[in-house]
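Some notes on the structure that comes next.
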Amino acid sequence: MFSRKKHANPEHEAERHEAKIKALRDAVEPLSGRGDIFVTDPCLTRYLEARSWNLEKSRKMLEESLKWRSTYKPEEIRWSEVAVEGETGKLYRAKFHDREGRTVLVLRPGKQNTNSHEGQLRHLVYMLENAIINLPEGQEQMIWLIDFTGWSLSNAVPIKTARETANILQNHYPERLAIAFLYNPPRVFEAFWKVVKYFLDPKTYHKVNFVYSKNEESIKVMHKFFDPEVLPLEFGGKNKVEYDHEEFGKMMEKDDIKTAAFWGLEDKVGPRVEQLNGEVA
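Number 235 in the working numbering belongs to position 235 of the sequence shown; there are no gaps in the numbering.
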């Protein structure tokens, strides 16, 4: 008459997941180029998670990413190529972390400074790769903090760029975003958001949190992830840190050495980075 609710056995669930991870690896091997560096067990897990552990959908998604990476070559982008996009600090990796120690990317769309569709995308991809290379061991996800100070429809990125940004993030960096906080977006942003959100899959959409400085509940949610002492002033915190483009550039050039070493690309770091490499050695 009454059926008991079945609870998933954690051990059995783990075994099923391990079997799916192995099956996905078998499905995409043999790998060529830098695919064998990219396709780790955590990578396979993220693609499976993004497609609700559906093996066939995950395989297709991963193969599309491998194809994209083989042509776009995100691991070869260097700071000198995208530095102009970062002059205003519209997108940068923060020096602070969330309460779990995860990498934080700060986005300030009101600081938009170019009209280059391709330049903006390459800058985004560069910063995603940089955030990932700086994730603490055992962490697979990053946090986005988006400050809307100075943003308006007049300086908003074109819908084409917004759509491609969503495509890159969702399809080629699945499960890399833990949560995104949109801080004090103006009302006019709601119209823009209604268009952009249709490009987002439900998993990504539900990771987006609107935070308003006058809304205590939304602030509480944000503080669950961040200590107010480390949050910059523009996010309602107490940290007086400001973006310094020259200082950030030096940090990125050093990170380019780390990126090149990880991918075995020491011969493609560029003259300035080679000089830094010599200084480090």
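Note that beta-carbon positions come from the ideal geometry of N, C-alpha and C, so glycine has one too.
All of these numbers come straight from a predicted model, not from anything done at the bench.
Reduced DSSP secondary structure (H/G/I, E/B, other) of residue i
i: residue 195; result: helix
i: residue 37; result: helix
i: residue 243; result: coil
i: residue 209; result: strand
i: residue 173; result: coil
i: residue 227; result: coil
i: residue 107; result: strand
i: residue 93; result: strand
i: residue 186; result: coil
i: residue 158; result: coil
i: residue 202; result: helix
i: residue 30; result: coil
i: residue 42; result: helix
i: residue 10; result: helix
i: residue 219; result: helix
Enclosing alpha helix (DSSP H) for residue i [first to last residue]
i: residue 66; result: 55–72
i: residue 178; result: Where residue 178 is concerned, there is no enclosing alpha helix (DSSP H), although the beta strand (DSSP E) it sits in stretches over 177–183.
i: residue 145; result: Note, residue 145: premise wrong, no alpha helix (DSSP H); beta strand (DSSP E) at 142–147.
i: residue 153; result: Segment: none, residue 153 is in no alpha helix (DSSP H) and carries neither H nor E.
i: residue 133; result: 117–133
i: residue 52; result: No alpha helix (DSSP H) holds residue 52; DSSP gives it neither H nor E.
i: residue 81; result: 79–82
Distance between beta carbons of residue j and residue i, contact taken as under 8 Å
i: residue 113; j: residue 87; result: 6 Å
i: residue 84; j: residue 94; result: About 21 Å separates the two Cβ atoms, so there is no contact after all.
i: residue 141; j: residue 102; result: 6 Å
i: residue 178; j: residue 132; result: That pair is no contact at about 13 Å.
i: residue 181; j: residue 146; result: 7 Å
Neighbour-count burial assignment, residue i, 16 or more Cβ in a 10 Å radius
i: residue 19; result: exposed
i: residue 198; result: exposed
i: residue 187; result: exposed
i: residue 90; result: buried
i: residue 184; result: buried
i: residue 174; result: buried
i: residue 259; result: buried
i: residue 159; result: exposed
i: residue 15; result: exposed
i: residue 261; result: exposed
i: residue 74; result: buried
i: residue 195; result: exposed
i: residue 59; result: buried
i: residue 130; result: buried
i: residue 264; result: exposed
i: residue 245; result: exposed
Any non-hydrogen atom of the ligand ZN within 7 Å of residue i CB
i: residue 161; result: In terms of ligand content, the structure shown is empty, and the ligand ZN therefore cannot be addressed.
request  = Kindly confirm or deny that the segment 228–238 and the segment 199–207 touch, where touching means at least three C-beta pairs closer than 8 Å.
outcome  = no
query = Would you say the segment 117–128 touches the segment 151–170, given that touching needs at least three Cβ pairs under 8 Å?
reply = yes
Stretch pair the segment 206–221 + the segment 155–163: three plus CB contacts closer than 8 Å = no
message = So, does the segment 17–33 touch the segment 43–62, judging by three or more C-beta pairs under 8 Å?
response = yes
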